[in-house]
Ligand code: UDP
Ligand code: MN
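In this note's numbering, the protein residues as written are 1 to 599.
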């Protein structure tokens, strides 16, 4: 009896196991996991997660991924699909050249790539499982464009439509800033009318620039959240929820996506880096500051950023209009990213970068548009921003861009009134609390050079280092010293700057050694301020000009008048140089000097 019972139990367990196994194998064969390849993901054929959620609470978080779209995208094949580099055939050279000229990127290639193309999901892995609050507001996406190439503009729209949850995308507003390309007129209207129901086009009567273009779009927008994009961008997987969640928690927060690079030549989609905080130098070039350690430890979490890159961000309409939108006095292009960023921080808001939101952007090879007859609009924009928001720090900008002093910025009364009406904080507060490491990396007053002037060889004292007004990437040489022969041409004045690099006076190209071999050539390369290949030190005692940390010294072949770096040796007289002016105090402090944060 007992034996029979045991056999029965054995038989039943075996049968149960067989059934379970059959069901599992059958399901797997019918629905193999398609995205990604690790097999742990939800069934791609399941309806979007948002439709199947469990209990309703206010702070409920859901998986916003659209697995159907993700699965479709993963199966796409063809030119430029998955963001791999694409190429035209040589027979297309003529059309390629003519479209390059008017766009600054390979627009002929764009025409061959699907407007619905897929992009690689290059988010940091934790983003794939991250959930966001269920209660997010829908957005109006605003895209101002002037003479954008049609296929990149349309691809921008499709990428937004395809990769945004339908419930979160109210509309896309295209603002045509007085484009003159005929394809952007009726043809675009017709395409949009029959293919893109969520897209509206508004046309500006005269060229207004991207700032007033975006303002016009924002005025038309009906959603509570505004998202601004450039007209040649591609939204990546699940880009919207990470932008919106911080805004749903606090309407005075502006959130930027990570901006990926769409290569201007091949349309390759790739990361530019794994994130950094946005900033500027005192010439108002956009720069980046390192992530703080806690952000590196939490790579999916939004982090505070002092300045936005410019083109792409989300902001609540309420806060945008509370702070007066953009200054409508800013013309055409440029400086608006500083204006809005300073204003957001100084007037009670905050700015975040959201690593799980990524949008690709075509960085042009060159700016293709002629100046629309508005003079130095960029200088004027900078002066408006400096005058209204930067207080005494404006002086540092004027020292580096002296022509701004005399430039008329136009009427600033309204902007100044806005600032005082909103009771905004000072620029000093911004520098101290938000961009707190800025002055270490980009000091408003640059420390003195370690040394400067003529660099004369000791072994061959008739010869001086000479960059000969060469272009970037060309070798630096030596020639007869101009001081001995004033008629001689050449470029023999150098600066050993506090960045620990060497540059011809008045230039931002640096002496650079990129090769490790014996007698490696010295070339000019744009100064990057990161030392590395551009790190130099003047050893006053030995009269050496030492490159990097490998004990290689600047040396000279007097007969060929060629310079190179080679292993330092006290017995080689051509490795000795006399630099005309040396600041001994600065040189003695060399170890502690230089930009902080560079290892
Ligand atoms: N833009 C505009 N009017 C202008 C200049 C630019 O509407 O007078 C648009 C342009 O089409 C693009 C955005 O503003 O969508 C940003 O300009 P651009 O891409 O040329 O700037 P970049 O990204 O190169 O800084
Ligand atoms: Mn752009």
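Virtual Cβ for every residue (Gly too), placed ideally from N, Cα, C. Here the structure is a predicted model, which means the values were calculated and not measured.
- Check the Cα spacing between residue 231 and each of 363, 463, 288 and 96: the tightest is with 363.
- Short note on residue 144: C-beta closer than 8 angstroms to some heavy atom of the ligand UDP.
- Note: residue 547 is bridge-paired with 536 and 552 in the DSSP secondary-structure output.
- The DSSP assignment places 317-322 and 336-346 as complete runs of the alpha helix (DSSP H) inside the segment 298-355, in order along the chain (cut-off: 4 residues).
- Of the candidates 392, 384, 430 and 103, 384 places its Cα closest to the Cα of residue 413.
- Residue 144: member of the beta strand (DSSP E) spanning 139-145, first to last residue.
- If you ignore the 5 residues before and after residue 206, its C-beta comes within less than 8 angstroms of the C-beta of 178, all in its own chain and listed in chain order.
- Look at residue 530 here: in three-state DSSP terms it is coil, with no helix or strand label.
- Set against 8 angstroms, the gap from the CB of residue 147 to the closest heavy atom of the ligand UDP is smaller.
- Rounded to the nearest whole angstrom, the CA to CA distance from residue 575 to residue 539 is 11 angstroms.
- In this chain, the alpha helix (DSSP H) harbouring residue 377 covers 377-389.
- Its Cα nearest to that of residue 518, the residue 567 stands out among 298, 171, 567 and 224.
- Ranked by Cα distance from residue 382, the first of 408, 534, 552 and 133 is 408.
- By the beta-carbon neighbour count (other beta carbons within 10 angstroms, threshold 16), residue 550 is exposed.
- Scanning the segment 422-505 from its first residue to its last, the whole beta strand (DSSP E) runs of 3-plus residues come out as 451-457, 463-466, 477-480, 494-496 and 502-504.
- Close CB contacts of residue 134 within its chain, under the 6 angstroms cut and outside five residues either way in sequence, are with 60 and 62 (chain order).
- Here the distance from the Cβ of residue 264 to the nearest heavy atom of the ligand UDP is not below 8 angstroms.
- Look at residue 288 here: in three-state DSSP terms it is strand.
- Take residue 387, set aside five residues on each side of it, and the residues of its chain with a beta-carbon closer than 7 angstroms to its own are 394, 409 and 412, in chain order.
- Relative to the ligand MN, the beta carbon of residue 564 is positioned no closer than 8 angstroms to any heavy atom.
- If you check the CB distance, residue 120 and residue 269 come in under 9 angstroms.
- What you get when you keep residues with a C-beta closer than 6 angstroms to any heavy atom of the ligand MN is 230, 232, 311 and 361.
- Membership of residue 165 in any alpha helix (DSSP H) is not indicated, and neither H nor E is assigned to it by DSSP.
- Checking the DSSP bridge columns, you'll see residue 133 partnered with 61.
- When DSSP reads this structure, residue 234 sits in a beta bridge with 360.
- When 496, 204, 392 and 68 are compared, the shortest CA-CA separation from residue 583 is found for 496.
- As a beta-bridge residue in DSSP terms, residue 577 pairs with 457.
- About 5 angstroms separates the beta carbon of residue 344 from that of residue 254, a gap short enough to meet the 8 angstroms contact definition.
- Using a 10 angstroms sphere on the CB of residue 209, the tally of other CB atoms reaches 16 or more, which defines it as buried.
- Here residue 436 is exposed: its Cβ has fewer than 16 other Cβ atoms, across all protein chains shown, within 10 Å.
- Annotated as proximal: residue 357 and residue 241, with beta-carbon spacing under 9 angstroms.
- Counted as a single uninterrupted DSSP element, the stretch harbouring residue 109 is not any beta strand (DSSP E) but the alpha helix (DSSP H) occupying residues 107-112.
- Within 8 angstroms of the C-beta of residue 535 there is not a single heavy atom belonging to the ligand UDP.
- Boundaries cannot be given for residue 120, as no alpha helix (DSSP H) includes it and DSSP labels it neither H nor E.
- The Cβ-Cβ distance between residue 314 and residue 286 does not fall below 9 angstroms.
- One alpha carbon belongs to residue 420, the other to residue 552, and they sit about 57 angstroms apart.
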